[in-house]
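Student: The structure follows.
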Ligand SMILES: Nc1ncnc2c1ncn2[C@@H]1O[C@H](COP(=O)(O)OP(=O)(O)O)[C@@H](O)[C@H]1O
Ligand SMILES: Nc1ncnc2c1ncn2[C@@H]1O[C@H](COP(=O)(O)OP(=O)(O)O)[C@@H](O)[C@H]1O
């Protein structure tokens, strides 16, 4: 059950992180590692496209809070797209949506984020 | 867990039966009912497209033997397409493949069956 | 009384080992699909079950290293409710003493975790926690 | 000896009711996926488990109306083999007296059924049947 994480640096300046699989403990850590690498490279606008993730757990998600914390610090931006309804509901329950926008799909997310 | 069964009467003279769901006892009976209706309407060439079926059981499959029996009697033809590897293997184990051809997809099946 | 009869019940015992919560989530899916629950609701049940299993794995310290689950379909005649119980034989805890997590605080705190119970409560229709020295049992249910 | 240690084991108890074999097939899937078995092999395991459950449902006449399953991942260190046991407390049968089904005969016969055991044997790597007055236990396994 290892999460696959890949990255696409869009010309619009948004770095998109794609996941495939279960976001558990290790999955969350892997995403954070990739995100912090991107931030280290100067990326301040990150989009997490979770289309390939149908299941998460709260340990995995709490690790994502570290990315949000970092974004507040550097005045960057993290957003999500392609969430299952349950993952979206979970993000609402946690209040994550106050700090990270949720977009329906990647195209609209990138358009919105690049235009800030 | 009810099986959905639909039919498409092709201009080539092949009647294609589509299934969606689990072929268990009732599922097999439903397919047989539809097949015998088609045979009653004069159709002698039937194709069972199982693309929408990922799981079967032996009770469901044994009911399909009744259709093969009928086809031998009326000198008709029954074939299958879009089987999962396991369903195909099961048909081999049972020896069904001696009496009913297996085709990879519907297009090649219809071409082959119409040309008989 | 509505939803009183147990129409069918499945029990599952899992070892407390990585990824075994997935077996629980699949059993939940099988029962919910049998009831013809919508796929969104099934997903919510799956996630809640995963959270409850992980809590037992991580916090119970149960010496038998096992989690005991039952999945009951309740209803009068027709299936109406899926009730899932997740039990361990660990040291238990006091649910009323668990602090409610708040995102504003988590953002400043070292400890980002502590969301499991809140998520379970948010995703299921009913949740009861029985916990004591003999262990913990979480009973959660969702209407079809 | 290879494949000797049980790395993890899950148990499942099912009522003998329509569609409950699907719960067994999902548990099998969870264990096989954990072992990273190929999806084709997983499918074969699923089908074999379904057949064994249905046999217990239909033929055992067990008064408790339950089927008891265990799913064990075996191996030395790395998961190598998935071993599944399907047990009922019914009246049992004599496997050597079961006639091998042949399609030519089934085509002429009233009774088209009788394929379950042959399919299980064809799909799994190893199959053992223990049956007697205390019931039946089918133990089947597949290498990763
Ligand atoms: N099965 C359990 N056994 C013992 N303690 C538990 C159990 N489930 C929950 N707890 C306690 O409740 C707290 C909150 O759990 P939860 O909300 O799921 O967040 P987290 O698991 O991230 O800490 C845990 O930290 C633990 O102290
Ligand atoms: N669990 C069981 N309890 C009692 N009898 C069984 C059991 N499993 C199989 N049998 C016997 O073996 C026979 C063959 O089973 P099988 O090959 O699965 O075909 P089918 O179930 O279609 O008859 C059954 O008809 C039954 O007599």
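Chains as they are written, first to last, in this note's numbering: chain A, 4 to 119; chain B, 4 to 119; chain C, 75 to 218; chain D, 75 to 218.
Think of the CB as a built atom: it goes at the ideal place given N, C-alpha and C, for glycine as much as any other residue.
Restricting to Cα atoms, I'd like to know which of C:186, C:183, C:187, C:169 is closest to residue 202 (chain C).
Tutor: For the purposes of this step, residue 202 (chain C) is identified with residue 128 of the third chain, where counting begins at 1. It is C:169 whose Cα lies nearest to the Cα of residue 202 (chain C).
Student: Using a cut-off of 7 angstroms between C-beta atoms, extract the partners of residue 103 (chain C) located in chain D.
Tutor: By one-based count along the third chain, residue 103 (chain C) stands at place 29. Result: 100.
Student: Could you please give the first and the last residue of the uninterrupted alpha helix (DSSP H) stretch that includes residue 52 (chain A)?
Tutor: For the purposes of this step, residue 52 (chain A) is taken as residue 49 along the first chain, with counting starting at 1. From DSSP, residue 52 (chain A) is part of no alpha helix (DSSP H) but of the beta strand (DSSP E) over 48-55.
Student: At a threshold of 7 angstroms, does residue 288 (chain D) count as lining ligand 2 (C-beta to nearest heavy atom)?
Tutor: There is simply no residue 288 (chain D) to check, as chain D begins at 75 and stops at 218 in what is shown.
Student: Whole angstroms is fine: what's the gap from residue 109 (chain D)'s alpha carbon to residue 41 (chain B)'s?
Tutor: If you number the fourth chain from 1, residue 109 (chain D) lands on position 35. If you number the second chain from 1, residue 41 (chain B) lands on position 38. Cα to Cα, the separation comes out at about 45 angstroms.
Student: Could you say which of A:91, A:25, A:35 lies nearest to residue 93 (chain C) if we only look at CA atoms?
Tutor: Start at 1 with the first residue of the third chain, and residue 93 (chain C) comes out as number 19. Nearest of A:91, A:25, A:35 to residue 93 (chain C), Cα basis: A:25.
Student: Of all the CB atoms in chain D, is at least one closer than 8 angstroms to the CB of residue 80 (chain B)?
Tutor: Within the second chain, numbered from 1, the residue matching residue 80 (chain B) stands at position 77. With 8 angstroms as the cut-off, residue 80 (chain B) does not count as an interface residue toward chain D.
Student: Over what stretch of residues does the alpha helix (DSSP H) that includes residue 75 (chain B) continue unbroken?
Tutor: Here residue 75 (chain B) refers to the residue found at position 72 of the second chain. That run of the alpha helix (DSSP H) goes 61-77.
Student: Comparing the CB of residue 187 (chain D) with every heavy atom of ligand 2, is any distance shorter than 7 angstroms?
Tutor: Start at 1 with the first residue of the fourth chain, and residue 187 (chain D) comes out as number 113. Yes - ligand 2 has a heavy atom lying nearer than 7 angstroms to the Cβ of residue 187 (chain D).
Student: May I ask you to check if the CB of residue 133 (chain C) is nearer than 7 angstroms to at least one heavy atom of ligand 1?
Tutor: Here residue 133 (chain C) is taken as the residue at index 59 of the third chain, counted from 1. Yes, since a heavy atom of ligand 1 falls inside the 7 angstroms radius drawn around the Cβ of residue 133 (chain C).
Student: Does the beta-carbon of residue 208 (chain C), which I'm using as the reference point, lie nearer than 7 angstroms to any heavy atom of ligand 1?
Tutor: By 1-based counting over the third chain, the position of residue 208 (chain C) is 134. Answer for residue 208 (chain C): no, Cβ out of range of ligand 1.
Student: Taking 8 angstroms as the threshold (C-beta atoms), are residue 28 (chain A) and residue 109 (chain A) in contact?
Tutor: As a position in the first chain, residue 109 (chain A) is number 106, starting the count at 1. As a position in the first chain, residue 28 (chain A) is number 25, starting the count at 1. Their beta carbons are not under 8 angstroms apart, which means residue 109 (chain A) does not touch residue 28 (chain A) by this criterion.
Student: Use the C-beta contact count for residue 175 (chain D): other C-beta atoms within 10 angstroms, 16 or more gives buried, fewer gives exposed.
Tutor: Along the fourth chain, one-based indexing puts residue 175 (chain D) at 101. Answer is buried; the Cβ neighbour count reaches 16.
Student: For the pair the stretch 32-50 of chain A and the stretch 76-89 of chain A, tell me if three or more CB-CB distances fall below 8 angstroms.
Tutor: They touch, by the three-pair rule.
Student: Please look up how many angstroms separate the CB atoms of residue 105 (chain B) and residue 193 (chain D), rounded, as I've assumed it's under 8 angstroms.
Tutor: The sequence position of residue 105 (chain B) within the second chain is 102, counting from 1. The sequence position of residue 193 (chain D) within the fourth chain is 119, counting from 1. So it is not a contact: roughly 16 angstroms between Cβ atoms.
Student: Does residue 79 (chain D) pass the burial test, meaning 16 or more other C-beta atoms within 10 Å, or should it be called exposed?
Tutor: Taking the first residue of the fourth chain as 1, we reach residue 79 (chain D) at position 5. Residue 79 (chain D) is exposed by the Cβ-count criterion.
Student: Run through chain C and tell me which residues come within less than 8 angstroms of residue 96 (chain D), C-beta to C-beta.
Tutor: Locating residue 96 (chain D) in the fourth chain gives position 22, counting from the first residue. Residues of chain C passing the Cβ test: 104, 107, 108.
Student: How is residue 206 (chain C) classed by DSSP in three states: helix, strand or coil?
Tutor: Residue numbering aside, residue 206 (chain C) sits at position 132 when the third chain is read from its first letter. It is a strand residue.
Student: For a test of your reading of the model: does the CB of residue 125 (chain D) fall under 7 angstroms from any non-hydrogen atom of ligand 2? Yes or no.
Tutor: Residue 125 (chain D) sits at position 51 when you count from the first residue of the fourth chain. Flag set: Cβ of residue 125 (chain D) near ligand 2.
Student: Under three-state DSSP, which class holds residue 171 (chain C)?
Tutor: Taking the first residue of the third chain as 1, we reach residue 171 (chain C) at position 97. Residue 171 (chain C): helix per DSSP, three-state reduction.
Student: Can you tell me whether residue 216 (chain D) sits near ligand 1, meaning its C-beta is under 7 angstroms from at least one heavy atom of the ligand?
Tutor: Taking the fourth chain and counting its residues from 1, one reaches residue 216 (chain D) at position 142. Residue 216 (chain D) Cβ: outside cutoff for every heavy atom of ligand 1.
Student: Are the CB atoms of residue 123 (chain D) and residue 58 (chain D) within a distance shorter than 8 angstroms?
Tutor: The question about residue 58 (chain D) has no answer here: the residues shown for chain D are numbered 75 through 218.
Student: So which residues on chain D does residue 84 (chain C) lean against when the C-beta distance must stay under 8 angstroms?
Tutor: The residue labelled residue 84 (chain C) in the question sits at position 10 within the third chain. Going along chain D in sequence order, the residues near residue 84 (chain C) (Cβ under 8 angstroms) are 86, 87, 88, 89, 94, 97.
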